[in-house]
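Peer 1: Position 283 (the sequence shown) corresponds to 282 in numbering that gives the first Met the number 0; numbering is contiguous.
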Amino acid sequence: MILALLLLAGSPFAFREVGTQSLALEDKGKPVYVYNHGMMLKAGFPAEMSRSGYLHPVYAPDGTVITDDFNPDHAHHRGISWMWQVVKVDGQSYDLWTVKGIKSKFVKWTARETKSKSARLAVENGWFVGDRKVVAERVNILAHPVEGNCRRLDFELVFEAVSSPVEIAGTPDGKKGFGGFCMRFAPRDGGKAATVITTEQGKSDKDGVNEPHRWAAVSGTFQGKPAGARIDDSPSNPGYPANGWLLRHGFGFLNPYFPGLNAYTIQPGKPLKLRYTVTVFAEEVDPASLSR
0 MILALLLLAG SPFAFREVGT QSLALEDKGK PVYVYNHGMM LKAGFPAEMS RSGYLHPVYA
60 PDGTVITDDF NPDHAHHRGI SWMWQVVKVD GQSYDLWTVK GIKSKFVKWT ARETKSKSAR
120 LAVENGWFVG DRKVVAERVN ILAHPVEGNC RRLDFELVFE AVSSPVEIAG TPDGKKGFGG
180 FCMRFAPRDG GKAATVITTE QGKSDKDGVN EPHRWAAVSG TFQGKPAGAR IDDSPSNPGY
240 PANGWLLRHG FGFLNPYFPG LNAYTIQPGK PLKLRYTVTV FAEEVDPASL SR
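Shown next, in the form of C-alpha cells:
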C-alpha cells in the first residue's frame, strides 16, 4: 500500500517516489538518498542476485554520489546495507550477504515524517526463506540538515525471529568474520592509491580485517569532487567498543562487525537492536573532527 507523502509546512525535506521500487529523500530539492524497497536487479546480472531494503544512491551534501551498487568486482555489495553471510534457521544455513537461499523483502511503511530539522523513514521488512518469513526487520532512518558540508544519518535496526530462533554470524572464510551494517563506496578517482581510510587511531594505510574501532571513514575524490563518509559504531551496540571492522581501500568498503565470528541467536520475543551513524561529507573534511 502506497502511503500519501507527508510534507509538513516549513520542512525543507520531502519524500518522492522513484518509479515503483524506490523512494527518494530530498532536502530543499537536493537529493539525500534513495531507499530501494523493491527487488532491484541490474541488467546483465542473474535473477538470484535481486535484493531490496538498502540505500543507493547516497549523496554528499553537494550532490556527489558516494555509494555503489552491482559493481562487477563484488556484485553483492549494495550501498548502505545490512546483511550476514551466515544465517541459520532450523539447522539450515543461508546467505543474506550474497543472496543465497534467503532474501530481505519489503512488508510495509511504518512512518514517513518530515519536520523542520529532520526526516524520518521507518520500514518493516522480512527475511524470507521461500514464502516463510523467519525474521521481522524494523528499520528507522533519521536524516538531519546539512551542517558545515556534512549531513548525519542515524540508523536503528531491529531484528526479531518470527517463530524459530535464527542464528547470525560473520563469514568463517579465512576467519574474517565480516557481516552486518556496511557501506560500499562509489569508485574514487585514482582508485586504491588515492583512497584514504581514517579511524580514531589516525590514518590507516593498510586494509583492516577484524580490527576493533569506534569509527572509520573513507575519503576520496568522486568524479572530480572531494567527498566521503564516516560510520560510527554506537556505544549501545552489543560488543562495543571491541567489535571488529572490515576496511578496504581498493573497492571502498566499511563494515563494523556484529557479531563477527561468534554467532548470535535472535530469539522470538527478544529483538536484537543495532544503531549506527553515517556522516556524509563534501569538500575536504577531517573525519576526526566530526562529532557523533
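We treat Cβ as the ideally placed atom computed from N, Cα and C, and that holds for glycine.
1) Starting from the C-beta of Lys-26, find all residues in its chain whose C-beta is less than 6 Å away, skip the five residues before and the five after it, and write them out in chain order.
2) CB-CB under 6 Å to Gln-84, same chain, minus the five flanking residues each way: which ones, in chain order?
3) Please determine whether the Cβ atom of Val-217 lies at a distance below 8 Å from any heavy atom of the ligand MG.
4) Mind checking Asp-188: buried by the 16 CB within 10 Å criterion, or exposed?
5) Considering only DSSP beta bridges, list what Asn-139 is partnered with.
6) Distance check for His-143 and Ala-42, CA to CA, integer angstroms please.
7) Taking the alpha carbon of Val-57 as the reference point, which residue from Ile-140, Trp-214, Val-195 and Asp-172 has its own alpha carbon closest?
8) With DSSP as the reference, label Asp-61 as helix, strand or coil.
9) Please go through the same chain and pick out, in chain order, the residues whose beta-carbon is closer than 8 Å to the beta-carbon of Thr-109, but skip the five residues on each side of it.
10) In or out: Gly-28 buried (at least 16 other Cβ within 10 Å) or exposed?
11) Buried or exposed for Thr-19, going by 16 or more other Cβ atoms inside 10 Å?
12) With DSSP run on the structure shown, which of helix, strand or coil describes Lys-29?
13) Once DSSP output is grouped into helix, strand and coil, what is the label at Met-38?
14) Could you check the C-alpha separation between Asp-285 and Ile-196 for me, to the nearest Å?
15) Three-state secondary structure (DSSP) at His-73?
16) Whole angstroms are fine: how far does the CA of Ser-117 sit from the CA of Leu-6?
17) Excluding the five sequence neighbours on either side, which residues of its own chain have a C-beta within less than 8 Å of the C-beta of Ala-226, listed in chain order?
18) Starting from Ala-215, trace the beta strand (DSSP E) both ways and give me its first and last residue.
19) Pick from Leu-253, Gly-100, Ser-233 and Leu-260: whose alpha carbon is nearest that of Lys-272?
20) Any idea if Gly-223 is buried or exposed, counting beta-carbon neighbours within 10 angstroms, 16 or more meaning buried?
21) From Pro-71, Ser-162, Gly-176 and Ile-79, pick the residue whose C-alpha is nearest to that of Val-31; which is it?
22) So, for Glu-16: in the same chain, excluding its five sequence neighbours on each side, which residues have a beta-carbon less than 7 Å away from its beta-carbon?
23) Tell me the residue span of the beta strand (DSSP E) that contains Arg-15.
24) Go ahead and pull the three-state DSSP assignment for Ala-287.
25) Hey, Gly-243 and Pro-267 are a contact pair by Cβ (cut 8 Å); roughly how many whole angstroms apart?
26) Output needed for Gly-9: all residues of its chain with C-beta closer than 7 Å, excluding positions within five of it in sequence on either side, in chain order.
27) Taking C-alpha atoms, which residue in Asp-172, Phe-250, Ile-167 and Gly-176 lies nearest to Thr-264?
28) So what does Asp-232 bridge to, in DSSP terms?
Peer 2: So, to answer that:
1) As a working mapping, residue 26 is identified with position 27 in the sequence shown. What sits at residue 26 in the sequence shown is Asp, not Lys. Same-chain partners within the cutoff: Pro-11 and Phe-12.
2) For this step, residue 84 is matched to residue 85 along the sequence shown. So the list reads Asp-94, Trp-96, Thr-170 and Gly-178, once near-sequence residues are dropped.
3) As presented, the structure is devoid of all ligands, the ligand MG included, so that no description of it is given.
4) Taking the sequence shown and counting its residues from 1, the one referred to as residue 188 is at position 189. By the neighbour-count rule (16 or more Cβ atoms within 10 Å), Asp-188 is not buried but exposed.
5) Within the sequence shown, numbered from 1, the residue matching residue 139 stands at position 140. Paired residues: Ala-121 and Glu-155.
6) Counting from 1 along the sequence shown, the entry for residue 42 is found at position 43. Counting from 1 along the sequence shown, the entry for residue 143 is found at position 144. Computed Cα separation, rounded: 34 Å.
7) Looking up residue 57 in the sequence shown gives position 58. Of the candidates Ile-140, Trp-214, Val-195 and Asp-172, the one whose C-alpha sits nearest the C-alpha of Val-57 is Ile-140.
8) As a first step, residue 61 must be located in the sequence shown, where it is residue number 62. Three-state DSSP puts Asp-61 in coil, outside helix and strand.
9) Translated into positions along the sequence shown, residue 109 becomes position 110. Only Ala-121, Val-122, Glu-123 and Arg-137 meet the Cβ criterion.
10) As a working note, residue 28 is residue 29 in the sequence shown. Under this definition Gly-28 is an exposed residue.
11) Taking the sequence shown and counting its residues from 1, one reaches residue 19 at position 20. Its Cβ having fewer than 16 others within 10 Å, Thr-19 is exposed.
12) Start at 1 with the first residue of the sequence shown, and residue 29 comes out as number 30. Of the three classes helix, strand and coil, the one that applies to Lys-29 here is strand, per DSSP.
13) By one-based count along the sequence shown, residue 38 stands at place 39. Looking at Met-38 - three-state DSSP - the assignment turns out to be coil, as it is neither helix nor strand.
14) The sequence position of residue 285 within the sequence shown is 286, counting from 1. The sequence position of residue 196 within the sequence shown is 197, counting from 1. Going by the C-alpha atoms only, they are around 11 Å apart.
15) Mapped onto the sequence shown, residue 73 falls at position 74. Three-state result, His-73: helix.
16) Here residue 6 refers to the residue found at position 7 when the sequence shown is read from its first residue. Here residue 117 refers to the residue found at position 118 when the sequence shown is read from its first residue. Legend: pLDDT at Leu-6 = 43, less than 50; position of this residue unreliable, no value from coordinates given.
17) Counted from its first residue, the sequence shown places residue 226 at position 227. So the qualifying residues of the chain are Ala-59, Asp-61, Thr-63, Ile-65, Ser-218, Gly-219, Thr-220, Val-279, Phe-280, Ala-281 and Glu-282.
18) Translated into the one-based positions of the sequence shown, residue 215 becomes position 216. From DSSP, the beta strand (DSSP E) with Ala-215 extends over 214-221.
19) As a position in the sequence shown, residue 272 is number 273, starting the count at 1. Of the listed residues, the one whose Cα sits closest to Lys-272 is Ser-233.
20) For this step, residue 223 is matched to residue 224 along the sequence shown. The residue is exposed, with fewer than 16 neighbouring Cβ atoms inside 10 Å.
21) Position 32 of the sequence shown holds residue 31. It is Ile-79.
22) Along the sequence shown, one-based indexing puts residue 16 at 17. So the qualifying residues of the chain are Leu-22.
23) Translated into positions along the sequence shown, residue 15 becomes position 16. Here the beta strand (DSSP E) through Arg-15 covers 12-17.
24) Along the sequence shown, read from residue 1 onward, the residue named residue 287 stands at position 288. Helix at Ala-287.
25) By 1-based counting over the sequence shown, the position of residue 243 is 244. By 1-based counting over the sequence shown, the position of residue 267 is 268. Not confirmed; about 28 Å, so no contact.
26) Counting from 1 along the sequence shown, the entry for residue 9 is found at position 10. Taken in chain order, the residues that qualify are Ser-115.
27) Against the sequence shown, residue 264 aligns to sequence position 265. When each option's Cα is compared against that of Thr-264, the closest is Ile-167.
28) Indexing the sequence shown from 1 puts residue 232 at position 233. Partner(s): Tyr-275.
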